[in-house]
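Visitor:
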Amino acid sequence: MASINSLSGSSSSSSVYGNRTYNIISGLASGMDTEELISGVVQSYQQKIQSLQKDHTTLEWKQEAYQSISDKLVEFSRNYASYVYSSTNLLSSSFFNNAVNITTNGANADLISAMGKTSSQVVINSVKQLAAAARYSNNADKLNGSVSVDSSGKTTISGGELGVNADDTVTVSQLSGSMTFTYGSKTVSIDLGQREFFEKDGSFDTQALQDAINEKLSEQKISTSGGSGNADEYIGVEVKSTYDGTISISVSDKKNAGNTVAITGATGNLADKLGDLGDDGKQQVSLGTPDSMTKDLTLGEFISGQTLTVTMDGKSKTISLDKFQSITDLGEFEAAINAELKNAFGTVDGSTAKVSATFDRDGLTFTMDPSVKNSTFSVKASNSDVGDVLGIGSGLTSYLDTSKTLGDLKLDGWDWNNLSNAVKGTGAVTEQKDGDGNVTGYVDEDGNQVNKDGYRVDEDGNLLFELKVNDTVIGQYSKNTEMNTIINAINANTEAGVRVEYSQTSGQFVFTAKDTGSAGRVDIEAGGLGAAIFGATLDADGKRLDTLGDDYSDGKDALLNVTINGQDMDLVRSSNTVDLDGMSVTLNGTFEAANDSEKVTFTSTTDADKIVDAVKKMVEDFNTIIKEVKSAYSDMPLQQSDGSRYEPLTDDEMADMSESAIENYEEKAKTGLLFMDSDLSSLYNQLRNAISPGGADGSTLRSMGISTSYSDGLTTLTFDEQAFREALESDPDKVQEAFTKSKENGAATNGLMTSIQTVLDRYASTTGDPKGILIEKAGSKYAPTAALDNTLLNQMQDVEDEISKWQDKMSNKVDYYTNKFTQLELLINQMNSQSSALSGLMGG
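Quick note, the working numbering runs 1 ahead of the 1-based positions in the sequence shown.
1) First and last residue of the beta strand (DSSP E) that includes asparagine 577?
2) Going by DSSP in three states, valine 1 sits in which element: helix, strand or coil?
3) What are the boundary residues of the alpha helix (DSSP H) that isoleucine 626 is part of?
4) Express the C-alpha separation of threonine 170 and glutamate 446 in angstroms, rounding to a whole number.
5) Could you tell me the alpha carbon to alpha carbon distance between threonine 403 and glutamine 505, rounded to whole angstroms?
6) Measuring CB atoms only, is the stretch 253–265 touching the stretch 231–242, in the sense that at least three cross pairs come out at less than 8 Å?
7) Assuming threonine 295 and threonine 188 form a contact by the criterion Cβ under 8 Å, report the distance between their Cβ atoms to the nearest whole angstrom.
8) Curious, which full-length beta strand (DSSP E) runs of at least 3 residues does the stretch 639–678 contain?
9) In the stretch 760–793, which residue ranges form an unbroken alpha helix (DSSP H) of at least 4 residues, counting only runs that do not cross its ends?
10) Does the separation of the CB atoms of tyrosine 764 and isoleucine 757 fall below 8 Å?
11) Quick test of the definition: if touching needs 3 or more C-beta pairs under 8 Å, does the stretch 439–457 touch the stretch 408–428?
12) Of the residues Ile707, Tyr711, Gln737 and Val815, which one's Cα is nearest the Cα of glutamine 723?
13) Counting pairs of Cβ atoms below 8 Å between the stretch 635–648 and the stretch 666–677, do you hit three or more?
14) How big is the Cα-Cα spacing for threonine 587 and glutamine 130?
15) Within its chain, find whatever has a CB closer than 7 Å to the CB of aspartate 361; leave out the 5 residues flanking it on each side and keep chain order.
16) Quickly, what does DSSP pair isoleucine 39 with across the bridge? List them, please.
17) Which partner residues of leucine 561 appear in the DSSP bridge assignment?
18) Which runs of the alpha helix (DSSP H) fall wholly inside the stretch 67–99 and span at least 4 residues, in chain order?
19) If we ignore side chains and look at the alpha-carbon of each, how far apart do valine 573 and lysine 772 end up?
20) Going by the beta-carbon positions, is the gap between alanine 135 and aspartate 542 smaller than 8 Å?
21) Identify the continuous beta strand (DSSP E) that holds methionine 369 and give its terminal residues.
22) Of all the options Tyr647, Val356, Leu112 and Gly301, which has the alpha carbon lying nearest to the alpha carbon of threonine 329?
23) Would you call the stretch 710–727 and the stretch 782–791 touching, i.e. three or more CB-CB distances under 8 Å?
24) Looking only at its own chain, which residues have a Cβ that is under 6 Å from the Cβ of serine 153, when we skip the five neighbours before and after it?
25) Roughly how many angstroms lie between the CA atoms of isoleucine 5 and leucine 38, to the nearest whole one?
26) Residue ranges of each beta strand (DSSP E) run of no fewer than 3 residues wholly in the stretch 169–238, ordered along the chain?
27) In the structure shown, what three-state DSSP assignment does glycine 476 receive?
28) Alpha helix (DSSP H) containing isoleucine 487: first to last residue?
29) Verify whether the separation of the beta carbon atoms of leucine 193 and leucine 410 is less than 8 Å.
30) CB-CB under 6 Å to asparagine 422, same chain, minus the five flanking residues each way: which ones, in chain order?
31) Compute the beta-carbon to beta-carbon distance between phenylalanine 367 and lysine 355, rounded to the nearest angstrom, for a pair I have assumed lies under 8 Å.
32) From glycine 10 to aspartate 802, what does the alpha carbon distance come to, in whole angstroms?
33) Note down, in chain order, each residue of its chain lying with its Cβ closer than 8 Å to the Cβ of aspartate 413, except the 5 sequence neighbours on either side.
34) Are the CB atoms of glutamine 737 and serine 94 within a distance shorter than 8 Å?
35) What does the alpha-carbon distance come out to for the pair threonine 709 and leucine 715?
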């Protein structure tokens, strides 16, 4: 439902003043209805605006009518002639070919599968060899230095040294919590852990505390009017022993920029140590004596509230350490953990645990019984401090943890500081300095970060090293790079042409060439980072190592013998999917036919239902389109009982009508909008000609059940399903050609779908410049640029501009007469006042 006042800013029934307000006294003195008088004066303007608004609505309706047709044309094209959008592309020979079912025959038929279509007689006599991809596997467990397997198959996972004292207690910091620093108007906070800042023997280390604070400040940012940087670049921190033996922390403005620096807040144990910091904080605080910086907890007290998560072969068990709170020594802890492990994963023979733990002050080990030597096991603490104390750090695994960095792995013979393998920067080295002239780093000519010697480094200053596979540089990595990053980069690199996977079960890296065939390879040069991680497959001279044994297998080509149209031939192919005169044959196994019954032959049948259903639906959709096109340009506009044409309704006219009455009226008003439209008339004629070919083409279509019908001036397609099925059965190639042939590909005439698509492209192409005739005229949701720039839209904009001009003219005229009547009212008021005054003076 459209209102013709949608652009006017006010309806025709509203005040002539619209939304404007005036200081007027309407007719109080003169007795005149000034608004009515002004409305009469500007009535011609209102009529002009209404007429323009009707024109605008009519243009909107025309655009909708054109788009209804063009949308159907685009959708028809996408459904029946698109290689991108359609699964029933009747313009493609592949659609017809793929509807052919291929059956393999012979004793070895299960070793061959096929699809597509060929007119050749094909027999496969033997498949001597399947194509295979080059493959390389290497033991990845060697990178996990904590795992060893003895000759019996027993796996031992060794952890680090336990963080317990001689009496099995754990020394913890009394400085845990957070500390807040203020730099000028900026604040930053850092958290201090429970197990920092003291030596192994439990004595407090002032330098360790200072370094830890600065390291945590370096992880925070401060932005000022002079720039931004890490907080440790702005805030100077010093931890020292004072004259009375206590430890103090003092802060200063490291930039000497005149900003106030103070410690202004704390939480946890730190808050107790620092005491009241006042409103403005302090530049120096006392922590107390070194003895007060730490305290000893029993092992049970320390681990209380935490958990261990142990996983074996994907089954996880979370052990709550609250139940160990009363434990005071390692022996008790070891017994309790082993009881939990036995309960979680069971035993081998009713008594021997599948996995057991040994805890002592030299470290811990987890041992897996030989009977589960191919199992996987991991253990992780819920808290890093607990992990450090128990010797498992961030976690222990029986397999390679690919989330670990390269620096955490055991790379035999690899030196992360060896410049001979590092990546050299380009050109001269340039110093980078801060505002005070301090050197903060170095860059090469390309702006890459380097060290002072010109070697590439990461953001933490670690040397970068190239990793190459198949002569392709995968990337540049440092000891801080995670193993997962390396694996993902190799798999994402298209030039290298390999994939690598890590198997937790077998403990191997497995490389596979992405393509089968003898050209495939997995080349990892000796001496490089790739060899340090995965092992080399080439020696220093670039030749394949003869020590690889079964760990490396070359790519292989498929070898087969076939008979095509009576001619025997040996074929060598890099893939197990082979094209034989248009038929795609997949080799699934090897065989050597000893007689004809063991050879593989092929029988093809057409899946008629798939093609019939597509053609039937195409005919229905085509007829819907051609009927709408014919109706759009041939239906005459309707007339009202008084002989006038239906026009868009005004708001006043719709006010007294029901919704159904309005819809019925607008349906009549829209009839004949495109009457005698030359573009639609031409479109109809071209569509009719496309489905009505003469000569042999017309005869061929009629013989397969596709013809035209003429009734009431309308030509449509008809479809005889039985005749079409018979044509498919007797000569499927002829059916395909009748739909898909084209002059462009050398045929004398175009096929049915080619002819239809040629018309659709002319009128509804959504790409290129110019686009289809109807798309250029009315736009389309399928062509975003045309939706914003088309003929009808531009015409509507012109009408909107005209409406705006006439509204301005009417507003100016209303303003003019409003001013005049207001002045008249004021003069009459004056005269009445004077008359009253004179009358009073004269006593009357």
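By construction, the Cβ of each residue, glycine as well, lies at the ideal position given by its N, Cα and C atoms.
Guide: With the structure as the only source:
1) Premise fails: asparagine 577 is in no beta strand (DSSP E) and is neither H nor E.
2) As shown, the chain starts at 2 and ends at 845. That puts residue 1 outside it, with no answer to give.
3) 609–635
4) 56 Å
5) 10 Å
6) Contact between the stretch 253–265 and the stretch 231–242 is present, with at least three C-beta pairs closer than 8 Å.
7) In fact, because the Cβ distance is near 29 Å, the residues do not count as touching under 8 Å.
8) Listed in chain order, there is nothing to give.
9) 774–779 and 785–788
10) Not a contact, by the Cβ cut-off of 8 Å.
11) yes
12) Ile707
13) yes
14) 13 Å
15) Leu331
16) None; isoleucine 39 has no bridge partner.
17) Val128 and Leu572
18) You should have 94–99.
19) Valine 573 and lysine 772 have their C-alpha atoms some 48 Å from each other.
20) No, they are not a contact pair.
21) Boundaries of the beta strand (DSSP E) harbouring methionine 369: 364–369, taken from the DSSP string.
22) Gly301
23) no
24) Pro371
25) Any reading at isoleucine 5 must be qualified, since the residue scores a pLDDT of 47, below 50, and its modelled position is unreliable; no value is offered.
26) 170–174, 178–184, 187–193, 222–225 and 228–231
27) strand
28) Segment 484–493, the alpha helix (DSSP H) holding isoleucine 487.
29) no
30) Phe466
31) The Cβ separation is near 11 Å, so there is no contact.
32) For glycine 10, the predicted model reports a pLDDT of 43, less than 50, meaning its position is unreliable and no value from the coordinates is stated.
33) Lys143 and Ala533
34) Yes. Within cutoff.
35) Taking the straight line from one Cα to the other gives about 10 Å.
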